[in-house]
Every structure is written in structure tokens, then in C-alpha cells.
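Student: First to last, the protein sequences are chains H and X.
One point on numbering: in this note's numbering, the residue at position 406 of the first sequence is 439, and numbering is uninterrupted.
One point on numbering: in this note's numbering, the residue at position 41 of the second sequence is 42, and numbering is uninterrupted.
From the three backbone atoms N, C-alpha and C, an ideal C-beta is built for every residue, glycine too.
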Amino acid sequence: MVLLQRPHILLLLIGTHQFLQCWIAFGSVNEEGQKQEEFSEELLLKPLPDHKLLAHFHFQSSGPPSTSNGCHHHLFPKAISQLVQKFRIKEMELSFTKGRWNYESWGGFDPLSSSNAKPPGVELWAVFDVPQHHIDASWKNLTHTLSGLFCASINFLESTATYSTPEWSFPPASGNVTYGTLPCEAVCTENLTPWLKLLPCRDKAGIALLLDRPSLYRGFYHSQQLHLTSTGSSSEGIDSGIILEQTLTVVLQPNSEMAIEVHASEKHIQPSWSLSSIFGKQVSGRCVLAKPSSVYLLLDRGLPAANGLTSENFWSNPSFELSANPDRIFLEESSSHSKSLSILYMFQVEKYCESEPFDIGLMWKVPVAWLCQQTPLHASRFLMGSGNERAAIAISLKSTQFTEGFMSANSKDGSCELRVDVFQVVPWYVKVYFHSLRVFVDQQPRAVSDIIEKIHVSPSKDKMSPGVMEVVLKLPCRVNTAALTIEFDKGFLRIDEYLPDANQGFDIPSAIISFPNFHASMVFLEDDSLNKSPLLSKFQEKCPVMSYTEVLLVPLTTPDFSMPYNVITITCTVFALYFGSLLNVLQRRVAEEERFLKAKAAKKTGRLPLLLSKLSAKLRGRRLEPLHSPPSSSSFINSKLVLKVILVAGLAVGWQYFFS
Amino acid sequence: MEKVKKKIGSFSFWNWVTASIIFRLILIYFPKNLNLSSRPEVSTPLTSFRRLAEGYWLKQSFMSPYAGSMYHGSPLLLSLLGPLTINRIEGQPNHLLYSLVSVIADVVSAMLIRATGQNLRLAYLRSLESLDLVKQIEVSEFLFSGDIAALIYLCNPFTIVACVGLSTSPIENMAVILCLYGACSRLIPLAAFGWVIATHLSLYPAILIIPVIFLLGCGPDSPPRKLFLQRHQQKEVLNQSKLPPRFSWGPVIHFAFWAFLWSVYVLVLCGISLKQFGGLWEMFKSTYGFILTVEDLSPNIGVLWYFFAEVFEFFRNFFLIVFHVNILFMILPLAIRLRHRPCYLAFVYVAICSMLKSYPSVGDSALYLGLLGWFVNELADMQFSLFLFCGYVGVSLLSPVMHNLWIWRGTGNANFYFATAMVYACLQIVLVVEGVSAMLNHDRKLRNLITGKPQDAKS
């Protein structure tokens with residue numbers, strides 16, 4: 034009995050012990066967990082000058098350091114924390130983008146656009162906390178994991194021919210960045226659903242409720258991002274765990290019927306909109322797990338000035354009408370780059386509930402026109418040349434209204450310079466001739482060494498690595514246009530290396546143009562309350578100003594895909610023709626020689642003894658004597674036969690040995 | 002009478018040489034070289050001038066010239082010709098200096114061909130004399146094969162295009178011709194130098210070692226030794242002095258020694274110029290490895306690019322072996338059958354290589370067509386010569402048209418261009434086969450003249 038009871042007691046003991054441990058652990062988490070594991074949901078709405086509306090969803094979860102509570106999480110997605118632990122990711126960003134950010138009308142010099150304007154398709158970069166020689170393996174595993182997590186073909190980035198390691202011209206991160214893009218990846222809801230699964234409330238409650246698929250994918254631009262920062266395994270004292278930022282930026286066209294009805298005569302009036310009109314849904318309260326849950330309306334720097342808004346009258350503005358009363362209003366701190374300031378209206382979702390859903394609408398009363406703040410130089414990229422043999426890539430930089438302002442600000446010192454970094458990756462089948470790099474400033478060809486301060490090139494290896502070019506340009510401030518051109522040959526691929534739709538062409542990923550001397554930030558007054566909002570604190574960070582150029586579509590020559598058998602057979606026939614006819618010519622005897630040989634054959638029985646005697650005669654250095662006693666024919670045939678058998682057997686043995 | 006003829010011949014020879022040089026210079030002055038430098042017929046990945054410039058640029062910016070898959074030539078070429086890709090004289094076309102170097106290389110090659118041709122002709126006449134066939138074959142009708150070969154080489158449109166199109170093949174051809182010239186005139190160090198450089202530049206001339214050994218061992222082309230013995234048996238006097246010399250190993254060992262010396266020298270030079278980069282192994286991988294594995298599939302006048310673009314990955318290695326072994330397989334039978342005619346053997350080898358090599362260009366064809374001129378007297382009875390001539394003209398006119406239709410206009414497809422490449426390969430095959438058969442028939446004719454039997458009908 035005692036023996037029987039013992040295991041029970043043991044089990045009970047173990048059980049209570051574990052329960053106690055768990056309970057203690059849970060308690061400790063509860064103590065600190067409030068501080069550590071947090072989730073916030075925010076939405077920022079911003080009217081754009083070209084009658085569109087930008088909606089920027091920002092969800093941030095922060096996980097505690099992995100050491101403090103093992104692998105248990107309350108809010109933080111487990112898949113992500115495992116990913117970070119397994120591959121020791123320091124920083125990572127994955128973005129799925131459809132459409133192209135319109136830098137000219139949507140701006141490029143504010144935190145929103147410089148961190149959310151992304152190249153079309155998938156872009157992934159990561160910084161690993163592993164030794165240099167392990168990076169390739171980590172990257173490969175990471176791409177495969179992400180491709181499984183997000184239902185995308187990110188695993189195509191695993192091959193060394195698709196990713197690169199920029200050294201200094203990729204501003205978002207420094208150090209050993211691994212960078213890869215898939216410009217031709219189609220982005221759709223199947224990528225959005227797994228992304229939403231990482232949110233604690235998914236799209237069932239809170240602001241994420243607005244993510245109505247049909248209205249999202251109807252937009253002009255759609256970019257869904259995942260940004261991971263981890264200091265988990267660093268040796269430094271500060272250990273903030275993992276911060277996961279999920280952002281979704283969409284540019285939508287508000288349904289302008291309402292505006293037309295009201296102001297049919299006014300064509301230039303901005304369309305009025307409300308959350309329910311653009312997303313077809315309303316926010317029925319916050320996600321209960323989200324700590325700050327707020328909606329912002331941002332009026333851009335240019336807009337209040339154009340609107341006649343001043344710091345006195347922005348509570349009761351004359352030009353537009355808000356359907357909900359803002360809880361707070363923030364005014365931007367004055368910055369050096371611009372005269373006018375942005376205004377931010379904040380609405381707290383906590384106050385609203387199911388019976389009284391949150392909906393905000395903006396109704397314009399008078400037509401307004403303004404301009405977004407643009408990057409110092411507007412970059413675009415295009416292909417030159419025709420035909421499928423060779424072409425040239427041109428990156429052109431055009432001055433914007435910003436440069437004029439900058440120039441006038443800096444006009445005191447006569448020789449001011451504008452630094453521009455260019456980072457360009459080309460796939461290996463675009464064979465770039467780096468010696469053909471030309472620089473044009475204001476349409477005048479200039480010596481490369483005058484303008485280019487620093488250049489780093491890693492030429493492409495066939496099927497091995499892409500070509501990478503990093504250039505630092507020093508342009509004079511008064512520059513109107515600048516252009517870089519570089520020639521390339523179009524490669525010819527094997528039949529199985531073409532994509533399914535080969536005649537469509539191949540994409541060259543966007544070039545990244547960054548301006549390291551400029552940083553975009555938006556600092557709002559009344560800092561104390563802003564610290565709680567991750568979105569606004571992110572705005573306050575100085576983020577580098579950069580812009581992506583267009584993706585280029587390079588048509589490549591295709592072979593005839595239906596021909597492999599024909600080509601193989603025809604070519605082999607020609608080779609056989611060559612071999613056969615040449616051998617025939619070489620061993621052919623004309624009539625006279627044949628007769629002579631026949632006579633010889635009648636006299637002599639075999640060629641082998643003759644050869645042997647010739648050899649021995651050669652060896653002895655004497656002239657060939659005729660054979661006196663030819664060997665008996667039967668023994669010779671036997672020896673020949675034996676020789677042949679031995680030869681065949683030897684060949685077979687050799688073959689067997691070689692292939693075993 | 003003959004003297005007058007010779008005078009006229011030599012006079013017009015120099016006229017033609019000057020005319021061809023002037024023609025080249027005129028073409029060089031055309032803007033952008035008439036875009037010849039980017040024609041696939043002229044610039045293969047191995048001979049392209051732009052790739053040379055890219056390699057030089059990489060080297061100047063302290064990177065290995067083989068860092069990308071751009072340059073696949075020799076590092077020596079880079080040090081010698083690289084500076085010419087950048088240096089320029091004010092107000093002159095960009096690549097004037099480089100073009101002038103190619104013109105000089107062409108002229109030197111032509112002069113070497115002429116000297117070798119004269120050498121061969123003298124040897125031929127001497128052997129006919131010792132066979133007492135001078136009267137039967139109208140020696141006075143004999144053409145100056147050296148002059149003809151040199152003129153064929155200089156005035157061949159293929160050579161002109163390769164020279165003006167800034168490809169490196171004039172220099173590779175010069176190395177091959179230097180090797181043959183050295184072997185013919187028994188300048189053993191020169192022959193070894195030519196052979197080593199030619200092998201270093203384009204690998205395939207390595208098999209020329211067999212004709213060179215024969216040349217050094219038994220002297221230039223002559224009818225088979227058996228004929229001499231027969232002739233003297235008929236006369237029943239064995240005059241040793243009139244017999245062609247037996248094979249002697251002395252010059253061959255001498256040659257091997259010099260070849261070893263030169264190759265060590267070349268390797269050391271390459272090693273020095275690549276010291277701070279990948280070293281010699283990287284050089285071998287991206288020159289010889291690139292030639293043997295047919296990595297670049299850009300179209301050229303050969304057939305292998307399309308074959309390897311279409312063939313299934315699984316069979317790739319098999320076919321690579323098959324195609325390269327095809328060259329090697331023919332070495333031995335040809336060497337046995339044509340061992341008494343080493344220069345002709347060299348011609349056949351060069352023709353086979355330029356037909357089967359991975360990245361053929363018209364420069365290679367120019368070389369063997371020039372060498373063909375040496376044997377105008379022997380090959381007078383060659384069949385299909387008009388057909389071959391028309392074929393060459395037709396292909397060289399059609400091939401650019403098809404390329405244009407496919408690449409630039411997009412109205413044709415790859416098969417159009419591949420078809421011309423196929424026809425070109427067939428023409429070369431017919432040329433080689435008919436050439437070999439004509440030479441063997443010529444030997445038969447000589448033997449029949451000696452034995453006094455009526456000439457057999459050619460089979």
C-alpha cells in the first residue's frame with residue numbers, strides 16, 4: 034500500500050510545487066508585466082493635397098526580455114518572440130507594399146512618409162546578432178520562416194543572388210544589414226490575415242475593426258509593415274525586450290459624392306469623408322487589451338497656413354468641420370525647415386462603446402490647396418535605350434521647392450553642398466558596366482571624381498550574387514537637375530530560369546536615395562502626455578530622409594521555350610555529321626589502296642604481329658624485316674578474342690568502380 | 002618571265018596591304034566604330050573590349066578584375082591593353098590607340114603568314130624536286146601561297162571587322178601565327194613563346210603542340226616519307242641527302258624546355274599582377290573555367306549558347322563533356338593521317354577549334370581562312386569551294402539580319418538566329434572535311450605520279 038501510495042504523494046508534491054512556481058511566476062509578471070508587456074493601437078488620418086486620404090494604423094506590442102519569464106506571453110505574439118530568439122535578430126523590417134508612394138504630392142519629408150513609403154512588393158532587411166559567417170544561414174532560415182508565417186514567397190530571397198549587404202548607404206539601420214527585395218510579389222489579403230493574427234484582438238475589436246478588406250485594397254497605396262527591435266541578448270545593461278511595431282499605411286480616395294452634392298459648383302474643394310464612408314465601418318470601442326487607443330487627425334504643415342488657421346483659432350476653424358470633438362489638440366514645435374506648423378487632433382477611443390460607436394468625419398467648407406513637404410531632391414529612375422541587347426539605367430534628381438528654401442537658408446556661405454546617397458541593387462542578369470558611370474549636373478556632363486565623393490561597388494556574379502552600387506554624391510546646392518547613368522548588358526538566361534510569364538520582363542528593385550544631412554521629425558508640444566503614445570514618440574525620433582525610386586521592368590530576350598528537344602537533336606546531328614564525315618574521310622581508302630591492302634591481308638594473317646614486329650624493330654633501331662614465320666591463325670584469333678574479352682571486362686569493372 | 006611575274010605580284014601585294022590598312026584606318030575614324038564593337042559576331046565574353054575596360058576599371062579601383070562575371074581574359078592583357086581603354090588623344094575617337102594596336106597586330110600577323118607561306122612553298126618545291134615531279138606538275142603555275150595567305154588574312158572582311166570592332170582576337174591570332182612561324186623557321190624560343198601566350202589567352206591553341214612538335218621534329222610540310230622511299234627504290238639509288246629528315250627529338254626537347262620556361266614566366270607575371278586579389282586559382286577559374294563550363298549564354302555565331310540555354314539542367318555536364326571531348330577525339334586520327342604535313346594539321350586544328358569552341362567569333366574564322374591560303378597549290382582540286390564561298394557570304398549577310406530581327410525588332414525569335422549559326426557550323430564542317438579529303442587526294446595524286454599509274458578517280 035505504501036509503495037502504491039508513494040507515487041501519488043510524489044505526483045501531488047510535484048504538482049503543487051509546479052503550480053506554486055507558475056503562480057509565483059505569474060505574480061511576478063503581473064507586478065512588472067503592466068510595465069513590460071504592452072499593446073497600443075493608434076490610427077492617424079491625414080488629408081493629402083490631391084483629394085486623397087492617408088490612413089496609418091500603428092499597433093505596437095512590446096514584449097519583456099526573454100529571460101524574465103521564459104517563453105510565456107500575454108499579449109506579445111509567441112511566433113515573433115520565438116523567431117527573434119531562434120535567429121537572434123537585432124532588428125528586422127518586413128514590408129508588403131502594393132502601389133507606389135507618390136512623393137510629389139504625398140510628401141517625402143515627414144516621419145510618416147520617410148518610414149512608411151516603401152518599394153512595391155516585399156522588402157525585408159534584418160540585422161542579426163550572430164557572427165559574420167552565420168549570417169547567410171540565419172537569413173536563409175529567417176526567409177523561410179517568414180514566408181511560412183505570412184503566406185508569401187519570401188523564401189525566394191534565400192538564394193545569394195537576391196540579397197545584399199549594404200555597407201553605408203542604407204540609412205534605417207547600420208551595421209551588418211542584410212537587405213533583399215522582391216519587387217514582383219503580389220500583395221493581397223492572404224498576407225494581411227496572418228499579420229492581423231499577431232494582434233491580440235485581431236480585427237475583432239478596436240481600431241483594427243476598420244480594416245475592411247475591400248476598401249483597403251481599393252486604395253492607391255497599401256503598405257503593411259512589421260518592424261522588430263530587440264535588445265534581448267545584448268551584453269549591455271539595458272534590456273528592453275522585443276518591440277514589435279505593426280503598421281499599415283493606406284492611401285484612399287474618399288467617396289466624393291457628398292462633396293459634389295453640396296458644392297457642385299466648386300470643383301477644387303477637397304472631398305469630405307468620415308470613417309464610415311471610407312472604411313464602411315465604425316469603431317465600436319477600443320480593444321480592451323490596448324493601453325492607449327486613440328485616433329489622430331493630422332493637418333499637414335502646409336495646410337493650416339493655406340487654411341488661414343493660426344494658433345489662436347484652431348479650436349474653431351472656419352474652413353472645415355469635424356463631426357466629433359477632439360479630446361486634445363497638439364501644435365507642432367517650430368522647426369528650422371518650415372515656417373508653418375502642423376496641427377494634430379486627438380480622439381480617444383476609450384470613451385466610445387458599442388451603443389455609441391466612434392466615427393469621425395471631416396467636412397470641408399471652402400476649397401483649400403496646399404503642398405506637402407518634399408524631399409530635397411525628387412528622384413526618379415528610368416531605362417534608356419532600345420532593343421534587348423543592352424540598355425542604360427538613369428537615376429535623375431530634380432530639385433523641389435524644398436531645395437530652394439534650403440538654399441536661401443544656407444546662402445550665407447557661398448559653397449554649400451548637398452549630400453545624396455544612392456543605393457542600387459541589380460539582379461545578376463543585368464550586367465552593369467561600372468566603368469560606364471556618367472554624371473550629369475544641370476544637363477552638363479561632369480567628371481565622375483568631381484561629383485562622386487565615395488563609391489562602393491560589388492559587381493554581380495552570374496547566378497551567385499547581385500550587383501550592388503553605393504554612391505555618395507556631393508552636389509552643389511544650386512543644382513537644378515542631376516543624373517547618373519550607367520550602362521548594362523541584358524543577360525541571357527537558361528530556359529528554366531525564366532519566370533512563368535517570361536515575356537513580361539524582369540524587375541530591377543528600387544534604388545534608395547537618401548539624404549543623410551536631413552532628418553525628418555515632428556515634435557509636438559505638451560510632451561508629458563505624448564510619451565505614452567508610441568506613434569507620436571516615433572514621430573519625434575529623427576528619422577532619415579530617403580526615397581525609393583520606381584521599380585524598373587526590363588524586358589529580356591527569351592529563347593523559344595517549345596524547342597528544347599529540337600535544339601538538342603539538331604545540334605547533336607550536326608556534331609555527329611562532323612565527327613562521322615571527318616572520320617570517314619580519314620580512314621577511307623580509294624580503289625588502288627584497297628586492292629593493295631587486300632593483297633597484303635591475303636599474305637599476312639593479322640596486323641597485330643606486324644605492329645609488334647614494327648615496334649620491336651623500332652626499339653632495336655633496325656629496319657623492318659619481313660616476318661618469316663607467321664603464327665598459326667587459330668592461336669591468334671584466340672588471343673585476339675581473349676584480348677577483347679579482357680578489354681570489355683576491364684571497362685565494366687572500371688565503370689562499376691567509378692559509380693559505386 | 003617568272004621574275005617579271007614575281008615583280009608584278011610583289012608590287013600588287015604591297016598595294017593591297019596598304020589599301021587594307023588604309024581601309025581599316027578609315028573605318029576606325031567612323032563614329033562609334035560603326036557599333037561593330039558590340040556585335041555578337043565580334044565581341045564574345047572573352048574578346049569583348051567593353052569587358053576589358055570593365056576589368057581594368059575594377060583593377061584600378063582596387064578590386065579583383067574577376068570580381069564580377071565580366072572579365073574573363075588574361076591579367077597580362079589587362080596590364081598591357083587596359084590603359085589604352087582610358088587614355089585618349091584630344092579630339093580623336095575614344096579608342097584610337099587600341100584600334101591602332103589591333104591594326105599593327107593584324108599587319109604583323111600578315112607578314113608572319115607571308116614569311117611562313119614562302120617557307121612552306123620553298124619546302125614544297127624542294128620536295129617536288131627531290132621526287133622529280135617538277136615537270137609533271139607545272140611548277141611555274143604555282144601561286145605565291147605566302148602572299149595569297151597574307152592578303153586573304155588582311156583583306157578578309159572577318160579580320161577587318163574583328164580589328165575595327167576592338168576585339169582582342171587579333172592579338173590571340175597573332176600569338177598563334179607567331180607560334181607557327183617560329184616552328185616553321187625553327188626559332189624554337191619564339192615558337193614556345195607563341196604557343197604559351199596563345200594557350201594562356203584562349204586555351205584552345207594548346208592542342209597546336211602536336212603540329213609544332215611535328216614541325217620541329219621533321220620540318221615543314223612535305224609529301225609522305227613513303228613516297229620518297231618508293232621513288233628512290235624505283236631509281237635504285239638511295240640518296241640520303243634527298244630524303245626528308247627523320248624525326249629528331251632534339252628540337253622537341255628544346256621546345257619543351259622553352260615552353261616550360263615561358264609558362265613559368267607567364268604564370269609568375271600573372272601571379273604578381275593578381276597578388277593582392279584572388280591569386281592564380283581565381284584566374285584559372287574565371288578564364289579556363291569560364292571557357293569550359295559555357296556559363297555565359299549570350300548569343301554568338303556558335304551553336305553552344307543556344308544548346309546550353311535549352312538543354313535540361315540534368316544533362317548539362319554530360320553535354321559539356323561530349324562537346325569538349327569532340328575536339329580531343331579528332332586530334333589523334335588527324336595527327337596520324339596528316340603527320341607529314343604539320344602546318345596543314347595546324348590549320349585543321351585551328352578550324353576545328355574555332356568551330357567547336359564555346360565562344361567563337363569571326364576573328365577565329367579569319368585566322369583559319371588566312372591559314373588556308375598557304376595551301377592554295379595543294380588544295381587546287383578541292384570540291385565545293387564555290388559553294389563554301391557563297392555559303393560564307395550568305396551567312397555573314399543573313400546572320401546580322403536575323404540578329405536584328407530577334408534582338409532589336411522583336412519580330413523574329415531565337416530560332417532564326419540559331420538557324421544561321423547552324424548553317425555556319427555546317428559550312429565549317431564541310432570546309433574541314435573537304436579540305437582534309439582534298440589534301441589526302443593530293444598525296445594520292447603525287448603517289449600515282451611516282452608509281453606511274455593512271456590517276457584514280459576521286460572517290
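With a 10 Å radius around its C-beta and 16 neighbouring C-beta atoms as the bar for buried, classify Y154/X as buried or exposed.
Tutor: Y154/X should be labelled buried.
Student: According to DSSP, which residues form a beta bridge with I113/H?
Tutor: BP columns for I113/H are empty, so no partner.
Student: Run through the DSSP bridge pairs and tell me what V210/H is partnered with.
Tutor: V210/H pairs with V160/H.
Student: Scan the stretch 305-338 of chain X for residues whose Cβ lies nearer than 9 Å to a Cβ of chain H and list them as they occur along the chain.
Tutor: Here the close residues are L305, W306, Y307, F308, F309, A310, E311, V312, F313, E314, F316, R317, F320, V323, F324, N327, F330, M331, P334, L335, I337, R338.
Student: Can the beta-carbon of I311/H be found closer than 9 Å to that of L86/H?
Tutor: Against a cut-off of 9 Å, the Cβ pair of L86/H and I311/H comes out as a contact.
Student: Check whether the Cβ atoms of L243/H and A357/H sit closer than 9 Å, and answer yes or no.
Tutor: No; because the gap between Cβ atoms is not below 9 Å, this pair is not in contact.
Student: Output the boundary residues of the beta strand (DSSP E) element that contains Y466/H.
Tutor: First-last of the beta strand (DSSP E) with Y466/H: 463-474.
Student: Using only CA atoms, which one of G195/X, A54/X, V108/X, L204/X lies nearest to I23/X?
Tutor: Out of G195/X, A54/X, V108/X, L204/X, V108/X has the C-alpha closest to the C-alpha of I23/X.
Student: Classify V265/X as helix, strand or coil using the three-state DSSP reduction.
Tutor: In this structure, V265/X counts as helix in the three-state DSSP scheme.
Student: Along the chain, where does the beta strand (DSSP E) that runs through D540/H open and close?
Tutor: From DSSP, the beta strand (DSSP E) with D540/H extends over 539-541.
Student: Residue ranges of each alpha helix (DSSP H) run of no fewer than 4 residues wholly in the stretch 254-324 of chain X, ordered along the chain?
Tutor: List check, alpha helix (DSSP H) in window: 281-287, 289-294, 305-311.
Student: Under 8 Å by Cβ, that's how I've got L568/H and L249/H pegged, so tell me the actual separation to the nearest angstrom.
Tutor: About 19 Å separates the two Cβ atoms, so there is no contact after all.
Student: Can you give me the C-alpha to C-alpha distance between T107/H and V284/H, rounded to a whole angstrom?
Tutor: A small fix is needed here, since residue 107/H is His in this sequence, not Thr. Going from the Cα of H107/H to the Cα of V284/H covers about 33 Å.
Student: I'd like the span of the beta strand (DSSP E) that includes C576/H, first residue to last.
Tutor: Per DSSP, C576/H belongs to the beta strand (DSSP E) from 576-581.
Student: Return the residue from the list S491/H, K677/H, R452/H that minimises the CA-CA distance to V512/H.
Tutor: The residue with the shortest Cα to Cα distance from V512/H is R452/H.
Student: Would a check of beta-carbon distances place V578/H closer than 9 Å to chain X?
Tutor: Closer than 9 Å: no.
Student: Is R414/H helix, strand or coil by DSSP?
Tutor: Strand, per DSSP.
Student: Does the beta-carbon of N36/X have 16 or more other beta-carbons within 10 angstroms, so that it is buried, or is it exposed?
Tutor: Exposed, because fewer than 16 other Cβ atoms sit within 10 Å of the Cβ of N36/X.
Student: What does N416/X reach in chain H if we use C-beta pairs closer than 7 Å?
Tutor: Per Cβ cutoff of 7 Å: D593, M596.
Student: So what's H106/H in DSSP terms, helix, strand or just coil?
Tutor: Reduced to three states, the DSSP call for H106/H is coil.
Student: Rounded to the nearest angstrom, what separates D360/H and V504/H at their Cα positions?
Tutor: Each residue's Cα considered, the two are about 47 Å apart.
Student: Counting along the chain, where does the alpha helix (DSSP H) carrying Q457/H start and finish?
Tutor: Run containing Q457/H: none in the alpha helix (DSSP H); it sits in the beta strand (DSSP E), 450-459.
Student: So with CB distances below 8 Å, who are the chain X contacts of E503/H?
Tutor: Residues of chain X passing the Cβ test: none, with the nearest at roughly 13 Å.
Student: For A427/H, report the span of its beta strand (DSSP E) as first-last.
Tutor: From DSSP, the beta strand (DSSP E) with A427/H extends over 423-432.
Student: Under 9 Å between C-beta atoms, does P212/X make it to chain H?
Tutor: No - not a single Cβ of chain H is within 9 Å of the one on P212/X.
Student: What first and last residue would you give for the alpha helix (DSSP H) that runs through H166/H?
Tutor: Premise fails: H166/H is in no alpha helix (DSSP H) and is neither H nor E.
Student: Could you name the residues of the same chain whose beta carbon sits closer than 7 Å to that of W306/X, not counting the 5 residues immediately before and after it, in chain order?
Tutor: Closer than 7 Å at the Cβ level, and outside the excluded window around W306/X, lie L298, S299, P300.
Student: Show which residues of chain H have a CB atom less than 8 Å away from the CB atom of I408/X.
Tutor: Per Cβ cutoff of 8 Å: G420, N421, E422, T590.
Student: Quick one: is T86/X near chain H, going by C-beta distance under 9 Å?
Tutor: Chain H, which has a Cβ nearer than 9 Å to the Cβ of T86/X, makes this yes.
Student: Within 10 angstroms of its Cβ, does C234/H collect 16 or more other Cβ (buried), or is it exposed?
Tutor: Buried, by the Cβ-count rule.
Student: For the stretch 511-533 of chain H, enumerate the residues whose C-beta is nearer than 8 Å to any C-beta of chain X, in chain order.
Tutor: The stretch 511-533 of chain H vs chain X, Cβ under 8 Å: D522, G524, F525, L526, R527, I528, D529.
Student: Checking contacts by CB at 9 Å: is E296/X closer than that to chain H?
Tutor: By this cut-off, E296/X is an interface position.
Student: What is the rounded straight-line gap between the Cα of A292/H and the Cα of G140/H?
Tutor: Summary for A292/H: the model assigns pLDDT 47, below 50, so the residue's position carries little reliability; its value from the coordinates is reported in the next sentence. Roughly 25 Å separates the two Cα atoms.
Student: Could you name the residues of the stretch 454-467 of chain H whose beta carbon sits closer than 9 Å to any beta carbon of chain X, in the order they occur along the chain?
Tutor: Of all residues in the stretch 454-467 of chain H, W461, K464, V465, Y466, F467 have a Cβ within less than 9 Å of some Cβ in chain X.
Student: Are there 16 or more other CB atoms within 10 angstroms of the CB of W306/H, so buried, or fewer, so exposed?
Tutor: Counting Cβ neighbours within 10 Å, W306/H comes out buried, since at least 16 surround it.
Student: Can you check the stretch 504-538 of chain H for any beta strand (DSSP E) of at least 3 residues that lies completely inside it and give the ranges in chain order?
Tutor: Entirely contained in the stretch 504-538 of chain H, the beta strand (DSSP E) runs reaching 3 residues are, in chain order, 514-523.
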